[in-house]
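So for the sequence shown, my numbering puts the first residue at 10; every next one is plus one.
Glycine included, each C-beta is placed from N, C-alpha and C at the ideal position.
In what follows, a structure is listed as structure tokens, so that the remarks can point back to it.
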Amino acid sequence: MGDYGSGTAIFLSIIAGFVMLFFIDGLFVYTFTGFLATYLTRPDRRSAGEGGTASLLLAVLSFASGMIFGPEMPGRIAGLVGPDVFSLSVGFLIVCAISLLLGSIGGYIAVKAFRNDVDRL
Numbered sequence: 010m011g012d013y014g015s016g017t018a019i020f021l022s023i024i025a026g027f028v029m030l031f032f033i034d035g036l037f038v039y040t041f042t043g044f045l046a047t048y049l050t051r052p053d054r055r056s057a058g059e060g061g062t063a064s065l066l067l068a069v070l071s072f073a074s075g076m077i078f079g080p081e082m083p084g085r086i087a088g089l090v091g092p093d094v095f096s097l098s099v100g101f102l103i104v105c106a107i108s109l110l111l112g113s114i115g116g117y118i119a120v121k122a123f124r125n126d127v128d129r130l
């Protein structure tokens with residue numbers, strides 16, 4: 010059981026999430042990041058919002074790194090793909106919504122699984 014503040018727990022779970030993104034699919038990683046952030050938070054301040062925040066920050070950082078390090082494409086295909094601000098912003102909002110939802114679900118699971126720790130205090 011972690012006894013960290015909210016910021017430290019979120020930071021540690023984001024680092025663990027980045028490491029896991031290299032090995033596992035993103036959807037599971039967002040849920041696990043939310044679970045881990047909530048689990049590492051002090052029992053009296055634990056909520057599903059911690060997990061949602063950690064997962065949202067991980068998704069934003071992952072989206073930004075995906076913008077910087079784009080996929081390799083042949084020249085013909087890259088010429089056909091033009092900048093589309095609408096698709097970019099809608100994709101960003103969808104990624105944020107899904108990661109917030111999955112992180113909150115992971116945080117909710119952690120709150121329900123370890124709720125007896127608050128009763129012992």
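Assess, as a yes-or-no matter, whether the stretch 67–83 is touched by the stretch 49–57 under the definition of 3 or more beta carbon pairs within less than 8 Å.
no
Label residue 63 either buried or exposed according to how many other C-beta atoms from any shown protein chain fall within 10 Å of its C-beta, with 16 as the threshold for buried.
buried
Can you tell which of 34, 73 and 58 has its C-alpha closest to the C-alpha of residue 43?
58
Should residue 5 be labelled buried (16 or more other beta-carbon atoms within 10 Å of its own) or exposed?
What is shown of the chain runs 10 to 130, which leaves residue 5 out entirely.
Could you give the residue range of the alpha helix (DSSP H) that holds residue 96?
94–122
So if DSSP puts residue 50 in a beta bridge, which residue, or which two residues, is it bridged to?
13
On a CA-only basis, which of 39, 109, 14 and 12 is nearest residue 25? Give me that one, please.
39
Output the distance between the C-alpha atoms of residue 115 and residue 73, rounded to the nearest integer angstrom.
23 Å
Are the Cβ atoms of residue 111 and residue 45 separated by less than 9 Å?
no
Continuous alpha helix (DSSP H) stretch holding residue 77: start and end
57–77
Consult DSSP for residue 27 and reduce its assignment to one of helix, strand or coil.
helix
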